[in-house]
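Student:
There are 2 protein chains.
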Amino acid sequence: MKNKIKELRKARKIRQEDLAGQLNVSRQTINAIENNKYNPTLELAMKLAKLLESTVEELFFLEDGK
Amino acid sequence: MKNKIKELRKARKIRQEDLAGQLNVSRQTINAIENNKYNPTLELAMKLAKLLESTVEELFFLEDGK
DNA sequence: CTAAAATGTCAAAATCTTTTTACATTTCAA
DNA sequence: TTGAAATGTAAAAAGATTTTGACATTTTAG
Numbered sequence: 134m135k136n137k138i139k140e141l142r143k144a145r146k147i148r149q150e151d152l153a154g155q156l157n158v159s160r161q162t163i164n165a166i167e168n169n170k171y172n173p174t175l176e177l178a179m180k181l182a183k184l185l186e187s188t189v190e191e192l193f194f195l196e197d198g199k
Numbered sequence: 134m135k136n137k138i139k140e141l142r143k144a145r146k147i148r149q150e151d152l153a154g155q156l157n158v159s160r161q162t163i164n165a166i167e168n169n170k171y172n173p174t175l176e177l178a179m180k181l182a183k184l185l186e187s188t189v190e191e192l193f194f195l196e197d198g199k
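As given, the protein sequences belong to chains L and Z, one line each in that order. If you read the first sequence in the numbering used here, its first letter stands for residue 134, the second for the next number, and so on. If you read the second sequence in the numbering used here, its first letter stands for residue 134, the second for the next number, and so on.
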């Protein structure tokens, strides 16, 4: 499971801390997700996609045939 | 957070047990998600969408402005 | 209607995500 | 190059999801 969060976040010049703030989660959560430490919950993923004006399918993708 | 899993699953005449089997999760997990007991992990949500030939955004939706 | 199949539900345990606090490393502007 | 800001990381605790096993209720086929 990988994602393009860092990419889209930087394109918009937002800090991890600000993203976290807008989503009411901790900065560490954003950081961990960006660095593929674990699978976020669906709600957080959807809010992230919405904030970054993207879709879940575009922002996150399963590797190979999973 | 609501979803259309039961709807799409029935349209395909699949049982909860079979959906669970194909996703390697328990039947109770499928049942609980169908009945909005909690937010699934993103990976499970994406696999569900894929299996039901849908997208996460189409299968799941946040209420109001969340 | 009746039996079997499918679904709903519960509770305890296991597993995983998220928070918090704290510090190390990297990046970037001055 | 130096210092400040941003990011990376770690570990313990809290909170949420998932599993397991068991049983109740609903649905469906015969």
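Ideal Cβ positions, reconstructed from N, Cα and C, are used throughout, including at glycine. Everything numeric in this text was worked out from a predicted model, so none of it was measured.
#1: Using a cut-off of 8 Å between C-beta atoms, extract the partners of L/Thr174 located in chain Z.
#2: Does L/Val189 come within less than 8 Å of chain Z when only Cβ atoms are used?
#3: At a cut-off of 7 Å, would you count Z/Gln155 as near the ligand MG, judging by its Cβ distance to the nearest heavy atom?
#4: Kindly give me the distance between the Cβ atoms of Z/Asn172 and Z/Met134, rounded to whole angstroms, as I take these residues to be in contact under 8 Å.
#5: Starting from the N-terminal side, write out each stretch of the alpha helix (DSSP H) that is 4 residues or longer and does not extend beyond the segment 137-185 of chain L.
#6: How many Å lie between L/Glu190 and Z/Met179 at the Cα?
#7: Taking only the alpha-carbon atoms, compute the straight-line gap between L/Gln149 and Z/Lys183 and give it to the nearest angstrom.
#8: Just by C-beta distance, which residues in the segment 143-159 of chain Z are closer than 8 Å to chain L?
#9: Given this structure, state the Cα-to-Cα distance separating L/Leu175 from L/Asn136, to the nearest angstrom.
#10: Helix, strand or coil, according to DSSP, for Z/Lys199 in the structure here?
#11: Any beta-carbon of chain Z closer than 8 Å to the one on L/Ala165?
#12: Please report how far the alpha carbon of Z/Leu192 lies from the alpha carbon of L/Lys146, in whole angstroms.
#13: Can you give the beta carbon distance from Z/Leu156 to Z/Leu177, rounded, assuming they're within the 8 Å contact cut?
Tutor: Based on what the coordinates show:
#1: Within the first sequence, the letter at position 41 stands for residue 174 of chain L. The answer, in chain order, is Asn172, Pro173, Thr174, Leu175.
#2: Along the first sequence, one-based indexing puts residue 189 of chain L at 56. Answer yes: the Cβ-Cβ gap between L/Val189 and chain Z drops below 8 Å somewhere.
#3: With respect to the ligand MG, the structure shown offers nothing to examine, as it has no ligands at all.
#4: The residue labelled residue 172 of chain Z in the question sits at position 39 within the second sequence. The residue labelled residue 134 of chain Z in the question sits at position 1 within the second sequence. Contact annotation, Z/Asn172 with Z/Met134: C-beta distance approximately 6 Å; criterion of less than 8 Å satisfied.
#5: As far as the segment 137-185 of chain L is concerned, its whole alpha helix (DSSP H) runs of at least 4 residues are 138-144, 149-156, 160-167, 175-184.
#6: Indexing the first sequence from 1 puts residue 190 of chain L at position 57. Indexing the second sequence from 1 puts residue 179 of chain Z at position 46. Roughly 8 Å separates the two Cα atoms.
#7: Here residue 149 of chain L refers to the residue found at position 16 of the first sequence. Here residue 183 of chain Z refers to the residue found at position 50 of the second sequence. Whole-angstrom Cα-Cα distance: 30 Å.
#8: Listed by position, the residues of the segment 143-159 of chain Z near chain L (Cβ gap below 8 Å) amount to none.
#9: If you number the first sequence from 1, residue 175 of chain L lands on position 42. If you number the first sequence from 1, residue 136 of chain L lands on position 3. So the alpha carbons of these two residues sit roughly 14 Å apart.
#10: By one-based count along the second sequence, residue 199 of chain Z stands at place 66. For Z/Lys199, the predicted model reports a pLDDT of 49, less than 50, meaning its position is unreliable and no value from the coordinates is stated.
#11: By 1-based counting over the first sequence, the position of residue 165 of chain L is 32. False, the Cβ-Cβ gap to chain Z never drops below 8 Å.
#12: In the second sequence, residue 192 of chain Z corresponds to position 59, counting from 1. In the first sequence, residue 146 of chain L corresponds to position 13, counting from 1. For Z/Leu192 and L/Lys146, the distance between alpha carbons rounds to 31 Å.
#13: The count along the second sequence starts at 1 and reaches residue 156 of chain Z at position 23. The count along the second sequence starts at 1 and reaches residue 177 of chain Z at position 44. Correct: roughly 7 Å between the Cβ atoms.
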